[in-house]
Structures are given as structure tokens and as C-alpha cells.
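Only one structure is covered here, and it is reproduced in the block below.
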Amino acid sequence: MFKVGFKFHRIWLKVNRLTEQKYEEIKQKIIYKKDINGINSAEWWKLATDYINSIYKTNFLVLQKIIELKKQLKDEALSILSISVLLWTLSIFALIFLVKIITRMLNTFGKLVKTIEDQKRLYKAFAEFSEILVYNKDEQTILNSLSIMLYKTEKFVYLWLGKVEGEHVEPIISENIPTALIQKDLLNENSESLKFYKEIKRVIKEKEFVITSCENKINSHCKGIDTIGIFPIMKEDKVAFILVIAIENSGIFDTGMIDLITKMTNELTYAFEKIANKRNEERLKEELRVAACAFDSHEAITITDSNGFIVKVNDAFTRITGYKPEDVIGKKPNVLKSGIHDKDFYAAMWDSIRKFGHWTGEIFNRRKNGEIYPELLSVSTIKDKRGEITHYIAHFFDISEIKKAQQNAEYRAQHDSLTDLYNRQKLIEELDRIYKSAVKEKEYNAFLFFDLDNFKYINDYYNHEIGDKVLIEISKRLREILYEDDILARIAGDEFALIACNLGKDKSDATKKVSILIEKIKKLFEDPLDIDGHHIEVTFSVGVKIFPDQETNYKDVMVNADIAMYYAKKNGKNQYHFFNERLNLESKQFLLIKNELAEAIKNRELILHYQPKVSIKSGEVVGFEALVRWQHPQRGLLYPDEFLYVTAGNRLSFDLSEYVLKEVCHQINAWKERWPEFDKKISINISGEQFNNKNFTKSIMRIIEECGTKPEYLDFEIVEDALLKDIDRTIEVIKTFKNIGVTFSMDDFGTGYSSINYLKNLPVDILKIDKSFILDLFEGKNVEIVKMIIDTAKVFDLKVVAEGVENEKILKYLDSCGCDYYQGYYFSKPITVDEATNMLEKENSKN
Numbered sequence: 007m008f009k010v011g012f013k014f015h016r017i018w019l020k021v022n023r024l025t026e027q028k029y030e031e032i033k034q035k036i037i038y039k040k041d042i043n044g045i046n047s048a049e050w051w052k053l054a055t056d057y058i059n060s061i062y063k064t065n066f067l068v069l070q071k072i073i074e075l076k077k078q079l080k081d082e083a084l085s086i087l088s089i090s091v092l093l094w095t096l097s098i099f100a101l102i103f104l105v106k107i108i109t110r111m112l113n114t115f116g117k118l119v120k121t122i123e124d125q126k127r128l129y130k131a132f133a134e135f136s137e138i139l140v141y142n143k144d145e146q147t148i149l150n151s152l153s154i155m156l157y158k159t160e161k162f163v164y165l166w167l168g169k170v171e172g173e174h175v176e177p178i179i180s181e182n183i184p185t186a187l188i189q190k191d192l193l194n195e196n197s198e199s200l201k202f203y204k205e206i207k208r209v210i211k212e213k214e215f216v217i218t219s220c221e222n223k224i225n226s227h228c229k230g231i232d233t234i235g236i237f238p239i240m241k242e243d244k245v246a247f248i249l250v251i252a253i254e255n256s257g258i259f260d261t262g263m264i265d266l267i268t269k270m271t272n273e274l275t276y277a278f279e280k281i282a283n284k285r286n287e288e289r290l291k292e293e294l295r296v297a298a299c300a301f302d303s304h305e306a307i308t309i310t311d312s313n314g315f316i317v318k319v320n321d322a323f324t325r326i327t328g329y330k331p332e333d334v335i336g337k338k339p340n341v342l343k344s345g346i347h348d349k350d351f352y353a354a355m356w357d358s359i360r361k362f363g364h365w366t367g368e369i370f371n372r373r374k375n376g377e378i379y380p381e382l383l384s385v386s387t388i389k390d391k392r393g394e395i396t397h398y399i400a401h402f403f404d405i406s407e408i409k410k411a412q413q414n415a416e417y418r419a420q421h422d423s424l425t426d427l428y429n430r431q432k433l434i435e436e437l438d439r440i441y442k443s444a445v446k447e448k449e450y451n452a453f454l455f456f457d458l459d460n461f462k463y464i465n466d467y468y469n470h471e472i473g474d475k476v477l478i479e480i481s482k483r484l485r486e487i488l489y490e491d492d493i494l495a496r497i498a499g500d501e502f503a504l505i506a507c508n509l510g511k512d513k514s515d516a517t518k519k520v521s522i523l524i525e526k527i528k529k530l531f532e533d534p535l536d537i538d539g540h541h542i543e544v545t546f547s548v549g550v551k552i553f554p555d556q557e558t559n560y561k562d563v564m565v566n567a568d569i570a571m572y573y574a575k576k577n578g579k580n581q582y583h584f585f586n587e588r589l590n591l592e593s594k595q596f597l598l599i600k601n602e603l604a605e606a607i608k609n610r611e612l613i614l615h616y617q618p619k620v621s622i623k624s625g626e627v628v629g630f631e632a633l634v635r636w637q638h639p640q641r642g643l644l645y646p647d648e649f650l651y652v653t654a655g656n657r658l659s660f661d662l663s664e665y666v667l668k669e670v671c672h673q674i675n676a677w678k679e680r681w682p683e684f685d686k687k688i689s690i691n692i693s694g695e696q697f698n699n700k701n702f703t704k705s706i707m708r709i710i711e712e713c714g715t716k717p718e719y720l721d722f723e724i725v726e727d728a729l730l731k732d733i734d735r736t737i738e739v740i741k742t743f744k745n746i747g748v749t750f751s752m753d754d755f756g757t758g759y760s761s762i763n764y765l766k767n768l769p770v771d772i773l774k775i776d777k778s779f780i781l782d783l784f785e786g787k788n789v790e791i792v793k794m795i796i797d798t799a800k801v802f803d804l805k806v807v808a809e810g811v812e813n814e815k816i817l818k819y820l821d822s823c824g825c826d827y828y829q830g831y832y833f834s835k836p837i838t839v840d841e842a843t844n845m846l847e848k849e850n851s852k853n
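The sequence shown runs 7 to 853 under the working numbering.
Below you can see the structure in the form of C-alpha cells.
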């Protein structure tokens with residue numbers, strides 16, 4: 007563009023110069039009036055003037071065009087100049103940006119180099135720490151090393167290690183922060199310390215690390231601190247220690263740093279496991295040394311090599327199995343295999359041995375003579391210094407006699423010891439089964455409730471022995487009229503029950519069949535019984551309930567039959583009555599008592615009596631059993647059998663249990679305040695309904711906490727059938743309460759489904775022998791049963807309480823068997839709170 011402009015300028019100068027010359031030449035010719043080429047001057051003047059005008063006009067136009075072109079060139083030049091300036095400016099900015107990028111890259115590279123150096127230092131610390139773990143077997147030394155190694159990285163402001171003891175944390179090692187300041191902050195109740203302590207508790211509970219910020223810079227642990235990391239250190243699947251690390255910059259706790267610290271704490275956990283394993287090995291060696299001394303004990307012992315071949319047995323092995331050492335050495339223990347257990351049983355057993363190093367359980371084996379017998383077997387591994395299995399050692403003893411006793415106990419648990427009929431519990435189970443089947447099949451059945459008329463008179467006039475023989479004879483005769491599916495039971499002292507099954511699908515026919523059955527029964531007892539030369543007349547009051555018929559469950563069947571029986575007795579005895587609408591009035595009475603009891607709980611009309619539990623050896627009162635009584639406004643003092651029956655199957659059962667627990671807790675608090683050294687256990691009866699309720703643990707814990715009572719003064723008595731309903735849940739619930747100090751007694755032991763296998767698993771503390779065995783101790787096989795119960799308890803390291811001790815002879819026998827405690831009128835009946843307090847006062851005054 008600049009070249010074009012310059013060219014135009016040169017042309018313009020040249021034209022201008024030529025025009026001036028021509029003009030001067032013509033001008034001269036005109037001025038001097040010379041003729042030019044034959045044209046006179048006037049014409050030349052005219053021509054010249056026109057020519058000059060045209061030239062000037064042309065010059066003017068050219069000049070104007072040139073000016074316009076010049077302006078255009080100027081504008082274009084300015085535009086190009088602006089673009090050039092802009093390009094230069096952008097270049098400068100680009101250069102500055104490039105410089106910044108390069109500077110940032112250099113800074114990043116520097117940080118990367120620093121990070122790599124930090125990582126090297128951290129992993130060097132990790133390597134040194136790992137080396138320490140290999141060569142050190144002392145927990146304290148290892149913890150000190152962890153603290154030192156981490157602090158040497160120079161990444162942290164301070165750090166400390168705390169030992170977890172229950173819900174408390176005790177600082178044991180600290181770097182760059184005094185232990186006193188840590189303890190002060192842990193005990194401080196300001197908001198930041200409280201938040202910090204809550205985070206520690208969260209780590210302990212969830213077993214996961216927590217990174218938390220410090221908002222309050224006043225606290226000792228937050229001065230100059232931005233962030234705190236809290237890391238759990240596990241031991242035996244529990245948080246045993248916590249590691250607290252404080253930093254100035256939260257960026258230090260990046261993924262790599264957290265990963266490294268986690269690795270170190272995990273390594274520490276592994277080291278603890280190795281230390282524990284080492285101690286266990288040393289303990290096992292010592293046990294083997296002791297076992298070697300006891301090798302020839304009464305317990306059979308088998309030792310195999312790592313491949314399972316027998317290398318040694320003791321004399322007890324030969325005595326139990328019949329095999330001599332030369333018969334089995336070099337062979338595998340499966341020579342004893344009974345064939346009863348399947349492959350899954352043995353697979354589970356060996357899986358436990360390989361996983362945990364031991365297995366204990368009941369197993370059936372075969373003697374040399376082919377006889378199959380049960381044994382309690384315990385198998386353990388023996389390892390060398392490298393942790394390799396070198397041998398297996400098995401201990402076992404023959405439990406045939408115990409099994410027989412167990413089977414007998416299980417039978418006795420379902421049968422009445424006097425008549426050998428089903429007992430109340432078994433009757434309830436059968437009635438429940440039959441009721442459900444009847445509802446499903448729409449088949450009528452009948453429940454007959456028998457009450458022996460004037461039985462108390464028989465006992466008083468003759469004696470209890472004659473009375474027992476009367477009951478035995480009655481049971482024999484009643485058996486004679488039973489059909490195959492009928493159920494007969496003795497449910498109380500003079501009460502029997504009969505379930506007549508499969509009476510058809512027509513209620514009228516069923517009623518007729520039952521009436522005929524009852525007439526047969528009456529005919530059986532038309533003639534007096536001949537008992538030891540005594541002619542004793544026997545009659546019954548019978549209540550009958552045909553079912554299913556509008557009742558909601560089997561419990562209603564029993565209640566309705568009971569109402570019908572009382573109606574029969576009230577109307578002259580030796581009668582039978584079917585439950586109907588008229589008898590429904592009796593159920594209204596039931597509801598009346600139930601409603602009055604509900605009000606009684608609200609009005610605090612219920613009181614507690616306390617029956618002492620006494621040590622047989624020392625004669626000292628070791629505790630009390632709390633027993634509820636009802637101080638009725640009109641009827642006076644009522645005992646449990648007069649009102650407890652209305653609580654079955656409804657909310658009152660829970661309300662009453664909670665009422666009793668609260669009263670006991672308040673009384674314990676009162677005694678503890680009066681005598682700080684008070685150490686008695688107070689037992690509370692827990693119903694099966696309450697124990698098996700899903701909210702049992704939560705509600706009981708709430709009451710204990712509200713009352714502020716120390717749980718170690720409480721003992722819960724629960725009947726064995728309730729405990730065995732859901733064995734896994736029962737174990738979980740009992741362990742929960744035992745963790746806070748509550749003990750558990752299995753009540754009425756021997757009357758339910760007693761099983762050695764269940765006793766092995768249930769973490770109960772005490773067995774209570776049912777008073778039915780104690781009151782008639784020296785009759786039938788009660789002596790053997792009681793001794794068997796006590797011996798069984800000792801096997802499982804349980805204490806034993808005998809109920810119903812009423813004379814010295816019984817007490818002496820219990821003492822000879824090793825029974826621990828007793829209750830009964832021989833020492834004291836249930837007494838009031840004031841009487842119990844006086845008893846404790848006397849005891850304390852002696853001390």
C-alpha cells in the first residue's frame with residue numbers, strides 16, 4: 007500500500023511540471039501576440055484560455071482524487087498501524103503468560119520434588135517401623151517406636167497415643183504436647199473439647215479413622231492447629247489404642263498420608279496378633295507340659311501327627327474304647343467312627359480346628375466291641391515355633407451315663423414324676439399343636455379339666471402317702487378309657503386334664519361323644535378305691551370346652567374349661583359342665599381382676615416380700631428373691647396365684663415386671679445408701695413372655711438407668727423353657743446384661759427341657775432346682791435327679807440354688823452333694839421389706 011501511494015505522488019509531480027512548462031510557452035506566445043501555426047493570437051487566446059481552464063479543471067480533479075486517495079491511504083495506514091500495535095500488545099501478553107506458565111511449572115516441579123522427598127522420608131519411617139515390628143515383641147516398645155517414627159517425619163505439630171479402657175481413653179505416649187494438657191482437654195466440657203471427645207468415641211465405636219477440623223484455637227490441643235486426625239489401632243477385633251495427630255495444614259492429610267498411617271496402624275495390629283500368638287504358643291507349651299504329667303488321668307487322650315496318624319494313647323483311651331495302643335498306633339482315629347455323623351459334620355469340625363486351632367463338642371464313636379457310645383471330645387492343634395502344625399491332641403470322656411441322665415431329665419421335664427403322665431408344660435405344647443390342627447381341619451376336639459373333689463380332706467385325714475397313691479390309681483384308671491390320639495396330663499396337685507381328639511365335624515355329635523366319655527369316667531370311679539385297706543371315694547368336678555369355637559387361641563380353651571370346672575364345683579361337685587354363655591360371666595370376673603390389677607399397679611398397691619438366699623456352707627444370707635404381693639383394698643393381702651394368672655398373654659405381664667424391677671432397684675439404692683458395703687444379689691422373676699419380647703433388653707436397660715442402680719446387684723430368674731425358645735437370641739441377650747454385671751439364674755431347672763448341650767452354650771450363672779424335687783426329696787428318684795442336677799452344674803462351673811428346703815435332713819443332703827445355696831421355710835419364709843432390713847441390720851451389727 008505504501009509503494010502504490012509513492013508511485014501516485016511521483017506521477018502527480020511529473021504532470022504538474024509538464025503542465026507548467028506548456029503553460030509558460032503558450033503564455034509567452036499569447037502575450038507577444040505571435041501567430042502560432044497560422045492561428046492568430048485572439049483565437050489562440052481563446053483556445054489557450056479554454057485549454058488552461060480545462061487543465062486547471064483537470065488538475066483540480068486530479069488533485070482532489072489524490073487528496074481522497076491520500077486520505078484513504080492514511081486511514082488504511084492507521085488501521086494497519088493499529089493492527090500492528092494490537093499484535094505487538096498480544097505478543098507481549100502471550101510472552102507474560104508463557105513466563106507465568108513456565109514459572110508455575112517450575113514451582114509445581116519443585117513441590118513434586120519436595121513431595122517425593124517427603125514420601126521418601128515417610129516410607130523410610132514406615133520401613134524402619136516395619137523392621138522394629140519384626141524384631142520387637144513388646145507392645146510398649148512398638149507403640150513408642152510408632153510415635154517416634156511418625157514425629158521424625160516433621161510433618162506433624164504433635165501426636166499422642168491413648169489406651170482405650172472401656173469408654174475412657176488414657177494418654178500413654180505423647181510427642182510435643184504434655185500429657186497433662188491432653189487429660190485436661192479430655193475432661194474439659196467446653197464445646198470444642200466435647201466435639202473432640204465425641205470424635206474419639208466415634209472412632210472407638212465405628213473402628214474407622216476420622217479427620218476433624220479445629221475451630222476453637224483456645225484449646226490446648228488446637229493452638230496453631232488446623233486439622234486433627236484420629237486413627238484406631240485394633241487388637242483382638244477391638245479398638246485398643248487411638249493415635250491422634252495434629253497438623254497445621256489440612257492438605258498434609260492427603261490420600262497418600264492417610265494410606266501410610268493406616269498401613270502403619272494395620273501393621274501394628276498384625277504385630278499385636280503375632281505377640282498374642284506367641285504368648286498362646288508359650289502357654290500351649292506349658293499346658294502340654296502339664297498335660298504330659300496328667301496324661302494318664304481318667305480322661306482319654308489321643309495324640310496324632312500332622313497327618314492324623316495316631317502316635318500315642320493313654321490307659322483311659324483303652325478303658326473307654328477297648329482298643330489297646332498296638333491296635334490303633336499308626337492308624338487314623340476314624341477306626342472309632344460310628345457312622346452316625348455325616349461328611350458335613352466332620353468337615354465343619356476340621357474347618358474349626360484349622361481356623362481356630364481347636365474344636366469341642368459331643369460326638370458318637372464306636373468301641374472295639376461294636377457298641378456306639380457318646381463322648382465329649384476336645385481337639386486342639388500343637389504348633390512349632392514357625393506356627394506349623396506338628397500334632398493334634400484329643401481329650402474325651404464317655405458321657406453315656408450323663409446322656410442317660412439327660413434323657414431321663416428330658417423325660418421328667420415332660421412328665422409328672424408321681425403319675426408319669428404329661429405335666430402342664432407338655433400339655434400346653436400338645437394343646438397348642440392340636441388346636442392349630444383343629445382350626446385348619448375344622449375338626450372338633452374337647453378339653454376336659456378335672457379337679458379332684460375333697461382331695462385336701464384325703465391328705466389331711468389319711469396322709470400324703472395315701473394321697474399320692476390315690477393320684478397314681480386315678481391316673482391308671484383314666485388311661486384305660488383313652489383313645490390313641492387322646493392326651494392325659496396331671497397339671498397340678500389334684501388337677502388333671504384330658505384332650506379328647508377327633509370328635510368329628512359336627513359340634514352336636516362332638517358334645518354327645520364327650521358326654522359319653524365323662525359317663526365312662528364316672529363309672530370307673532363308682533366304687534371306692536382300695537388303697538392300703540382304706541376305701542376312698544373319688545369324685546371329680548369337670549369343665550369341658552369344645553373347640554375350635556369362637557376362642558382366639560389355645561389359651562382361651564384352657565381358661566374357658568377352667569371356668570366351666572369351677573362352675574361345676576360351685577354347683578355341688580361330682581358334676582361336669584360345658585362352657586357356654588352363662589359361664590362367660592366367670593370370664594367377666596377374670597376381666598374384673600385384670601382391670602383391678604391394672605389400677606393396682608398405677609396406685610402402687612403391690613408390695614414386695616423378700617425370701618433370703620442362704621449359703622449352705624457359711625449360713626450367711628447372700629441375697630434375696632423378690633416376690634410380689636397385692637395389698638387389695640377390700641380382699642386384703644393376695645398371693646401371686648390369686649392374681650398372676652390374669653397377666654398371661656397381655657400387656658399386664660410387662661407392666662407388672664417393670665413395676666417389680668423399679669421397686670427392687672429403689673430398694674437396692676436404699677440399702678446401698680444405708681450400708682455402703684451392701685453386696686447382696688436381689689433376684690427378680692422374669693416371665694417367658696417378657697424375656698422373649700423383642701423390646702426386653704431396651705426396656706430393662708432403660709429402667710436400670712433411670713433408677714441409677716448398679717446392675718451387679720441384680721439377678722434375673724427365668725424358667726428354662728423360656729431361655730430355650732430361641733437359643734441364639736437368648737445367648738445374645740444374656741451376654742448383653744452380663745457385660746454390665748447382671749447375673750442369670752435358670753429357674754425351675756429339671757421341669758423343662760433340660761439339655762447338657764444347651765447348658766454348654768447358655769452363659770447362665772446359676773441353676774435353681776425346682777422345689778417339687780426338694781419338697782419330696784426322699785421319694786421316688788428325686789434324690790438321684792437332684793444329685794445329677796448338682797453334678798451337671800459343677801461340670802459347667804455353675805452355682806446351684808435349691809428351693810423349698812423345709813427341714814434339716816434335706817439341707818444336710820444338699821450339703822453332701824455340693825449344693826451352694828438354698829431357700830425355704832427352714833431358714834425363713836418370704837418377709838416384708840422392714841423385716842428384711844432388720845435382718846440386714848443384725849448381720850451388719852455382727853460385722
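We treat Cβ as the ideally placed atom computed from N, Cα and C, and that holds for glycine.
It should be emphasised that the depicted structure is a prediction, and the values quoted were computed from it without experimental measurement.
**Request:** Alpha carbon to alpha carbon, how far is residue 487 from residue 523? Give it in angstroms, no decimals.
**Result:** 8 Å
**Request:** Enumerate in chain order the residues of its own chain whose CB-to-CB distance from residue 411 is below 6 Å, with the five nearest sequence positions on each side excluded.
**Result:** 794
**Item:** Per DSSP, cross-strand counterpart(s) of residue 535
**Value:** 542
**Asked** Would the region 552-572 and the region 614-632 be scored as touching if the rule is three or more Cβ pairs under 8 Å?
**Response** no
**Asked** Using the C-alpha atoms, what's the distance from residue 673 back to residue 736?
**Response** 28 Å
**Message:** Distance check for residue 98 and residue 106, CA to CA, integer angstroms please.
**Reply:** 12 Å
**Prompt:** Who are residue 218's beta bridge partners in DSSP?
**Reply:** 234
**Request:** May I have the straight-line CA-CA distance separating residue 691 from residue 418, to the nearest angstrom?
**Result:** 23 Å
**Request:** Evaluate the contact criterion for the region 351-366 versus the region 272-279: three or more CB pairs, one atom per stretch, below 8 Å.
**Result:** no
**Candidates 519, 254, 787, of which the one nearest residue 231 by Cα** = 254
**Asked** In chain order, which alpha helix (DSSP H) runs of at least 4 residues are fully inside the region 718-801?
**Response** 726-729, 733-744, 762-767, 777-781, 788-801
**Item:** Contact the region 451-461 vs the region 504-524: 3+ CB pairs below 8 Å
**Value:** yes
**Prompt:** Buried or exposed: where does residue 485 fall if 16 or more other Cβ atoms within 10 Å of its Cβ makes it buried?
**Reply:** exposed
**Item:** Contact the region 560-570 vs the region 435-447: 3+ CB pairs below 8 Å
**Value:** yes
**Item:** As assigned by DSSP and simplified to three states, the class of residue 626
**Value:** coil
**Asked** If residue 372 and residue 330 are in contact, beta carbons under 8 Å, what's the gap, nearest whole angstrom?
**Response** Not confirmed; about 16 Å, so no contact.
**Prompt:** Are residue 664 and residue 705 touching if we call contact CB-CB under 8 Å?
**Reply:** yes
**Request:** Can you tell me the Cβ-Cβ gap for residue 381 and residue 369, rounded? I've got them flagged as a contact below 8 Å.
**Result:** 6 Å
**Request:** With a threshold of 16 other CB atoms inside 10 Å of the CB of residue 437, please say whether the residue is buried or exposed.
**Result:** buried
**Request:** With a threshold of 16 other CB atoms inside 10 Å of the CB of residue 404, please say whether the residue is buried or exposed.
**Result:** buried
**Request:** Within 10 angstroms of the Cβ of residue 836, are there 16 or more other Cβ atoms? Answer buried if so, exposed if not.
**Result:** buried
**Alpha-carbon to alpha-carbon, residue 683 and residue 846** = 11 Å
**Message:** I'd like the list of long-range same chain contacts for residue 219, defined as Cβ closer than 6 Å, with 5 residues on each side in sequence excluded.
**Reply:** 233
**Asked** Rounded to whole angstroms, how far is the Cβ of residue 666 from the Cβ of residue 603, which I believe are closer than 8 Å?
**Response** Between residue 603 and residue 666 the Cβ distance is about 13 Å, and since that is not below 8 Å, they are no contact.
**Prompt:** How many Å lie between residue 306 and residue 320 at the Cα?
**Reply:** 6 Å
**Request:** Put residue 356 into one of helix, strand or coil per three-state DSSP.
**Result:** helix
**Request:** Mark residue 496 as exposed unless 16 or more other C-beta atoms lie within 10 angstroms of its C-beta, in which case mark it buried.
**Result:** buried
**Asked** Is residue 239 closer than 8 Å to residue 209 when the C-beta atoms are compared?
**Response** no
**Where residue 639 falls: helix, strand or coil (DSSP)** = coil
**Item:** Where the alpha helix (DSSP H) through residue 581 begins and ends
**Value:** That residue, residue 581, is in no alpha helix (DSSP H); it is neither H nor E in DSSP.
**Prompt:** Which of helix, strand or coil does DSSP assign to residue 470?
**Reply:** helix
**residue 839 in three-state terms, based on DSSP** = helix
**Prompt:** Closest to residue 247 by CA distance: which of 821, 264, 334, 146 is it?
**Reply:** 146
**Message:** Only counting the same chain, and skipping five residues up and downstream in sequence, which positions put a Cβ closer than 8 Å to that of residue 513?
**Reply:** 450, 552, 555
**Under the three-state DSSP convention, the category residue 830 falls into** = strand
**Prompt:** Does the beta-carbon distance from residue 731 to residue 754 come in below 8 Å?
**Reply:** no
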